[in-house]
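Single-structure report; data block below.
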Amino acid sequence: MPPCIPSSSGTARLPLLHLLITVTLLTLAVALWYLTSYSLRDEAEIRWMPPAKAACDPSAGPCAARLGGGAELSLAVVSQGAIQPLERLPLEVRVSGTPAEAVRVDFVGRGMDMGLHRFPLEAEGDGVFRGAGQVSICTEAVMPWRAKVVVDTPQGRLGSWFDFEVQRR
Numbered sequence: 747m748p749p750c751i752p753s754s755s756g757t758a759r760l761p762l763l764h765l766l767i768t769v770t771l772l773t774l775a776v777a778l779w780y781l782t783s784y785s786l787r788d789e790a791e792i793r794w795m796p797p798a799k800a801a802c803d804p805s806a807g808p809c810a811a812r813l814g815g816g817a818e819l820s821l822a823v824v825s826q827g828a829i830q831p832l833e834r835l836p837l838e839v840r841v842s843g844t845p846a847e848a849v850r851v852d853f854v855g856r857g858m859d860m861g862l863h864r865f866p867l868e869a870e871g872d873g874v875f876r877g878a879g880q881v882s883i884c885t886e887a888v889m890p891w892r893a894k895v896v897v898d899t900p901q902g903r904l905g906s907w908f909d910f911e912v913q914r915r
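Numbering follows the working numbering, with no gaps: position 156 of the sequence shown is 902.
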């Protein structure tokens with residue numbers, strides 16, 4: 747019987763195995779993050795309609811959009827002054843022309859992933875929904891944001907968006 751001599755190739759495989767396990771785990775983490783992000787955004791189920799005016803700051807007054815079939819929505823930030831990062835924003839959405847079961851406002855960074863900031867609003871009656879929202883800290887002197895308003899109706903989810911900018915203090 748030949749003597750048992752440890753192989754040097756077994757010890758060389760160990761760092762390679764650790765590297766492959768690490769790469770596999772990182773790939774799985776990225777895939778899970780992407781799937782979770784995609785499922786939370788549920789953009790595919792929403793019929794998007796453009797805003798009535800290309801430029802409308804919701805803190806300066808209501809911004810409106812036609813949703814089709816005679817339905818309309820408007821978004822207003824009911825506060826005094828410009829929108830500031832990390833400050834509570836009183837939001838008001840008015841829906842007319844269709845019964846609205848639920849309304850939410852999502853704040854997303856334009857041109858830079860700032861995460862998803864989703865705020866469901868409470869029904870006040872007569873198509874009025876109110877709640878509070880917030881934009882996160884600005885990483886640039888002037889940060890472009892988009893408010894996406896999504897309305898759940900018996901005909902499905904309808905939505906529009908309004909672009910605005912936030913200046914860092």
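Virtual Cβ for every residue (Gly too), placed ideally from N, Cα, C.
What is the residue span of the beta strand (DSSP E) that residue i lies within?
i	result
residue 913	902-913
residue 889	888-899
residue 801	Counting along the chain, residue 801 falls outside any beta strand (DSSP E), and DSSP gives it neither H nor E.
Suppose contacts are defined by Cβ-Cβ distances below 8 Å. Is residue i in contact with residue j by that definition?
i	j	result
residue 839	residue 865	no
residue 822	residue 808	yes
residue 853	residue 881	yes
residue 892	residue 856	yes
residue 879	residue 863	yes
residue 817	residue 898	no
Excluding the 5 residues flanking residue i on each side, which residues of the same chain have their C-beta closer than 6 Å to its C-beta?
i	result
residue 906	795, 797, 811 and 895
residue 824	836 and 838
Per DSSP, which one or two residues make a beta bridge with residue i?
i	result
residue 821	809 and 839
residue 764	BP columns for residue 764 are empty, so no partner.
residue 792	903
residue 833	In the DSSP output, where bridge partners are listed per residue, residue 833 has none listed.
Kindly list the residues whose CB is nearer than 7 Å to the CB of residue i, restricted to its own chain and excluding five residues on each side of it in sequence; keep chain order.
i	result
residue 873	840, 841, 842 and 846
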